[in-house]
Amino acid sequence: MMNAIKVERIADGVYFNSVRDSRFKTMRITANLILPLCAETASENALLAGVLTRSCRAYPDFTALSRRLAYLYGADLSFAVHKIGDRQLISITVSGLDDRYALGDESVARELSLLLCCAIFEPNFNADGLFVASDVEQERRQLLDTIEAEFNDKRLYANARMISEMCSGECYGVRRFGTAEQVAAVTAEQLVEAWKRMLKTSQVQIMYIGDSSPDRVKEVFSDAFAKIERQPSEIVSTASYDVAGVMEFGDEMELSQSKLVMGFRTGISGDADEVNRARLMCAVLGGTVSSKLFLNVREKQSLCYYCASRYDRQKGIMVVDSGVENANLERTRDAILKEIEDMKNGVISDFELESAKLAVINSFRSSNDTVGGIESWYSSQLFDKNYLSIEQLSDSVDAVTKDEVVEAAKMLKLDTVYMLRGTGVSE
Amino acid sequence: MKITEIKSDALGDSYKRIEHPSGLTIYVYPKEGYNSAYAIIGTKYGSINTCFSLDGGEKITVPDGIAHYLEHKLFESEDGDAFARYAQTGANANAYTSFEKTCYLFSCTDRFEDSLEILLDFVQSPYFTAETVAKEQGIIGQEIKMYDDSPDWRVMFNMLEKMYHRHPVRIDIAGTVESIAEITAEKLYQCYNTFYNLNNMALCVAGNVTAEQVVSICDRMLKPCEKHEITNYFEDEPYEIVEPYVEQDFSVAMPMFNLGFKERAERELNVNELAETEILLSMLASPTAPLYRELMDNNLINSSFSYELFEGPGYCAVIFGGESRAPKQAAEMIKEYIEKVRKEGLDPEDFEIAKRSAYGDNVSSLNNVSSIANNIMSYHFNGNELFSYLDAIGSVTLEDVSRRLGEILNVENCTLSVVKNAEQEV
Chain A
1 MMNAIKVERI ADGVYFNSVR DSRFKTMRIT ANLILPLCAE TASENALLAG
51 VLTRSCRAYP DFTALSRRLA YLYGADLSFA VHKIGDRQLI SITVSGLDDR
101 YALGDESVAR ELSLLLCCAI FEPNFNADGL FVASDVEQER RQLLDTIEAE
151 FNDKRLYANA RMISEMCSGE CYGVRRFGTA EQVAAVTAEQ LVEAWKRMLK
201 TSQVQIMYIG DSSPDRVKEV FSDAFAKIER QPSEIVSTAS YDVAGVMEFG
251 DEMELSQSKL VMGFRTGISG DADEVNRARL MCAVLGGTVS SKLFLNVREK
301 QSLCYYCASR YDRQKGIMVV DSGVENANLE RTRDAILKEI EDMKNGVISD
351 FELESAKLAV INSFRSSNDT VGGIESWYSS QLFDKNYLSI EQLSDSVDAV
401 TKDEVVEAAK MLKLDTVYML RGTGVSE
Chain B
428 MKITEIKSDA LGDSYKRIEH PSGLTIYVYP KEGYNSAYAI IGTKYGSINT
478 CFSLDGGEKI TVPDGIAHYL EHKLFESEDG DAFARYAQTG ANANAYTSFE
528 KTCYLFSCTD RFEDSLEILL DFVQSPYFTA ETVAKEQGII GQEIKMYDDS
578 PDWRVMFNML EKMYHRHPVR IDIAGTVESI AEITAEKLYQ CYNTFYNLNN
628 MALCVAGNVT AEQVVSICDR MLKPCEKHEI TNYFEDEPYE IVEPYVEQDF
678 SVAMPMFNLG FKERAERELN VNELAETEIL LSMLASPTAP LYRELMDNNL
728 INSSFSYELF EGPGYCAVIF GGESRAPKQA AEMIKEYIEK VRKEGLDPED
778 FEIAKRSAYG DNVSSLNNVS SIANNIMSYH FNGNELFSYL DAIGSVTLED
828 VSRRLGEILN VENCTLSVVK NAEQEV
């Protein structure tokens with residue numbers, strides 16, 4: 001059984017969510033700050049997240065902060081920037097050893113919650129009320145490097161390139177860090193404005209997972225938000241189902257392996273039951289090692305090492321990708337489309353359906369066994385009507401019928417095909 | 428059957444080590460209240476074991492990449508594929524081959540017994556034919572090509588090639604498209620029959636299981652093995668590196684580097700040496716270290732910077748690496764810093780911080796069933812043990828770490844490997 005989540009509203013648009021669990025040796029607190037995803041502000045928000053976790057008033061320098069964290073038994077303070085539908089999610093997290101395992105009598109949980117609040121609410125400002133310039137420049141460089149590094153992993157790169165083109169007219173086409181040009185252009189003043197805007201207008205979901213009572217952590221956040229004039233903004237995320245025709249495009253690069261990425265629209269997002277049908281449809285197609293793509297495209301035809309599908313329930317988009325020989329790009333695309341046609345025509349065996357169900361439910365249930373897994377379980381439902389437990393969602397997946405999977409498959413519309421053609425590597 | 432309980436008083440955790448009559452060593456680490464169980468069986472056989480003999484017999488040399496090829500093919504048996512059987516229990520199964528071991532694993536939240544039966548069955552039931560072997564060429568060929576396009580993989584192997592003269596750690600785990608073309612069913616059986624002997628293997632299980640459950644399945648499923656003597660041959664490897672520098676042009680946005688210090692490797696390190704090294708490297712190069720700060724402030728590294736102790740039978744190196752716009756300068760700064768610390772001595776406060784951090788990291792890793800089982804397996808194959816490692820971290824002194832610094836990180840014996848865009852100057 002999963003321990004229940006307790007949800008408390010602590011300020012306008014600010015919720016404190018806690019899960020008590022004594023099985024782990026660590027605890028974790030994440031402040032999720034949710035903002036609209038848009039081209040104008042994506043880069044400054046992302047840069048802000050980096051600057052906030054680099055130093056704070058109490059530890060006004062990167063080395064001092066790192067040493068403090070290491071002293072607290074190698075604790076972590078980190079940030080992440082995600083794109084969830086048309087939203088930009090800034091997560092700032094602390095995690096560390098549970099108090100029971102501390103060698104002295106200090107409370108690591110308390111120290112870490114204070115540190116997290118210090119990072120978010122008490123930045124390391126200079127005399128002019130701006131973020132310290134050296135911190136900003138260092139984080140700007142880190143972020144620019146991270147954006148550039150996405151080019152190094154060709155599978156990620158090809159996927160991002162496909163999505164950017166497929167959704168070029170939508171908010172979702174904006175990259176999670178915005179663009180390198182924008183990151184380079186953010187000024188010190190803009191960054192302070194972005195910070196004030198984030199505290200005032202973002203929707204805030206704080207997640208606590210640990211053994212000790214969360215009351216103390218909750219108090220720290222309640223006090224901090226009480227000092228802020230809140231005006232949370234509404235964010236609407238849409239899932240487009242318009243496909244005018246299939247867009248095919250490509251690039252060439254010096255690579256040994258070519259990449260194929262295909263984007264489909266399902267029009268299915270939001271409603272939990274419909275989402276479960278689409279999720280299962282995607283698992284039957286290419287979500288597991290007993291899926292159609294793995295068994296037929298990889299195992300039977302030996303075309304590739306990986307060929308997989310993923311479904312984004314926020315946008316109702318399904319992506320299929322594979323790495324193949326240049327000469328096999330078209331053949332692989334056709335082989336993938338054939339598997340999808342089969343599904344639409346009801347060619348789904350009991351084995352395929354049952355094994356997909358078992359795999360999905362197994363991954364659900366496994367998420368209860370790590371601190372990060374529990375956090376992701378609930379975080380992934382932040383935008384749903386209510387939180388469902390693992391048992392509830394598992395039952396709902398188990399109840400999906402073959403006909404419902406076929407119906408979900410029939411919704412698939414191919415939107416975009418991207419081919420990154422490898423021209424070989426010069427020795 | 429010999430059963431030993433291994434306890435950590437500090438953590439209140441314990442697990443069991445079982446010498447099964449079949450020859451297999453079994454470890455079971457129960458985690459109360461968990462939904463899932465994770466099981467992994469491994470053989471002390473990896474990509475470096477390409478020249479060997481059995482019971483003092485004829486010396487056999489096999490193609491590069493064969494251990495990894497065997498890992499792929501073992502999933503198939505005469506009556507179908509193990510993945511299809513796992514699909515009916517819902518377990519999430521996988522396998523991997525490293526330099527020194529090959530492991531098969533699954534995690535599950537239901538029907539543990541059935542999944543463990545599948546694991547033990549297929550690992551003991553090789554089935555290789557000319558046809559099934561041929562089918563895998565295309566799949567593994569694409570896996571090799573995927574790695575050829577991976578700059579972090581290439582930068583490491585380019586370094587290993589210029590660090591090791593003859594030790595097979597310099598060769599890609601999966602081999603090459605050419606070497607795997609030489610693999611036959613007969614050669615696969617030869618490797619299987621040598622290394623997949625239960626006396627050369629271990630099973631580690633962690634999660635919502637008991638030792639009794641695991642042992643009763645093992646009693647039923649394991650076919651007792653006679654103990655044989657396996658000899659692995661490695662050509663003599665000098666202490667000295669091959670070349671101090673290597674670079675490759677690549678399709679990357681920013682250059683990447685690996686700076687590897689070749690260490691003596693006559694024997695594998697014990698838990699004390701491992702703990703000393705972990706703490707030393709954290710003092711030298713983690714974000715708490717002055718060196719890290721200096722490298723950052725000079726824009727020579729970014730947050731991708733990392734370090735590791737890379738160790739196995741006959742090889743040992745300390746590797747620093749990451750992205751850098753100026754890898755040569757970064758490497759110089761690292762070397763100068765090591766020399767400076769060697770001269771001036773290590774700071775006691777840095778030592779305390781690094782030790783606390785190492786303690787926290789290692790305790791935290793006991794949250795997770797997969798890291799528990801994988802760590803127990805690694806310690807088993809190099810003759811160490813999980814909780815003794817934690818104890819060793821607790822008892823390391825500043826003097827130990829200073830002595831260790833005197834033994835490793837010779838700045839005259841390291842190789843810098845760089846991958847960069849053709850237009851980039853480093």
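Which chain is which? The protein sequence lines are A and B, in order. Heads up: the first sequence begins at 1 in my numbering, then just goes up one per residue. Heads up: the second sequence begins at 428 in my numbering, then just goes up one per residue. Glycine included, each C-beta is placed from N, C-alpha and C at the ideal position.
Boundaries of the alpha helix (DSSP H) around Gln-190/A: 188–201. Asn-462/B carries a coil assignment under DSSP once its states are collapsed to helix, strand and coil. Interface with chain A (9 Å Cβ-Cβ cutoff): Cys-535/B is included. Residue Val-360/A holds the alpha-carbon nearest to the alpha-carbon of Ser-394/A among Val-360/A, Glu-137/A and Asp-384/A. In the assembly as shown, Arg-333/A is a buried residue. Its beta-carbon has 16 or more other beta-carbons within 10 Å. The distance from the Cβ of Lys-344/A to that of Val-406/A is about 7 Å, consistent with a contact at the 8 Å cut-off.
For Gly-687/B, the pairing in a beta bridge is given by DSSP as Ile-746/B and Thr-842/B. Exposure of Thr-431/B is indicated by the presence of fewer than 16 other C-beta atoms within 10 angstroms of its C-beta.
Taking 4 residues as the minimum length, the alpha helix (DSSP H) runs contained wholly in the segment 195–248 of chain A are 215–226, in order along the chain.
In the DSSP assignment, Phe-264/A falls within the beta strand (DSSP E) that extends over 258–265.
Between the segment 134–143 of chain A and the segment 223–240 of chain A there are fewer than three C-beta pairs closer than 8 Å, too few to call the two in contact.
For Glu-432/B, the enclosing beta strand (DSSP E) begins and ends at 429–435. Burial state of Ala-520/B is buried, judged by a 10 Å Cβ sphere holding 16 or more other Cβ atoms. The CB of Arg-783/B comes closer than 9 Å to the CB of Ala-70, Tyr-71, Leu-72, Tyr-73, Gly-74 and Leu-103 in chain A, given here in chain order. Under DSSP, the beta-bridge partners assigned to Thr-416/A are Met-247/A and Gly-263/A. The segment 284–302 of chain A makes no contact with the segment 435–442 of chain B: fewer than 3 CB pairs, one atom from each, lie closer than 8 Å.
In this structure the segment 733–752 of chain B touches the segment 689–701 of chain B; the number of beta carbon pairs closer than 8 Å is three or more. According to the DSSP secondary-structure assignment, Gly-507/B is paired through a beta bridge with Ser-504/B.
Val-174/A sits close to Lys-83/A, with the two beta carbons spaced by under 9 Å.
Residue contact check for Thr-529/B against chain A: no CB pair falls below 9 Å. Residues Asp-491, Gly-492 and Ile-571 of the same chain have their beta carbon placed closer than 8 Å to that of Thr-603/B, with the five preceding and five following residues left out of the count. When Cβ-Cβ separations below 9 Å define contact, Gln-203/A makes no contact with chain B. With respect to chain A, the C-beta atom of Leu-438/B has a partner C-beta closer than 9 Å.
Note that the C-beta distance between Phe-684/B and Ser-751/B is below 9 Å. Look at the segment 148–163 of chain A: the residues with a C-beta under 9 Å from a C-beta of chain B are Glu-148, Ala-149, Glu-150, Phe-151, Asn-152, Asp-153, Lys-154 and Arg-155. Within the segment 629–673 of chain B, the beta strand (DSSP E) runs of at least 3 residues that lie entirely inside it are, in chain order, 657–659. With fewer than 16 other CB atoms across the displayed protein chains lying within 10 angstroms of its CB, Pro-775/B is exposed. Following the DSSP letters along the chain, one finds Ile-799/B inside the alpha helix (DSSP H) bounded by residues 796–808. DSSP, read as helix, strand or coil, puts Met-253/A in strand. Residues of the same chain with a CB within less than 8 Å of the CB of Tyr-305/A, apart from the 5 flanking positions on each side, are Arg-298 and Gly-323 in chain order. The way I'd put it, the segment 245–261 of chain A does touch the segment 310–328 of chain A; three or more beta-carbon pairs between them come closer than 8 Å. A residue is called buried when at least 16 other Cβ atoms come within 10 angstroms of its Cβ; Asn-126/A does not meet this threshold and is exposed.
For Tyr-378/A, the CB contacts under 8 Å within the same chain, skipping 5 residues up- and downstream, are Ile-5, Asn-17, Val-19, Met-207 and Tyr-387 in chain order. Closer than 9 Å to the CB of Gln-182/A there is not a single CB belonging to chain B. Gln-301/A sits in coil when the DSSP states are folded into three classes, being neither helix nor strand. Annotation for Asp-135/A: the continuous alpha helix (DSSP H) segment containing it runs 133–149.
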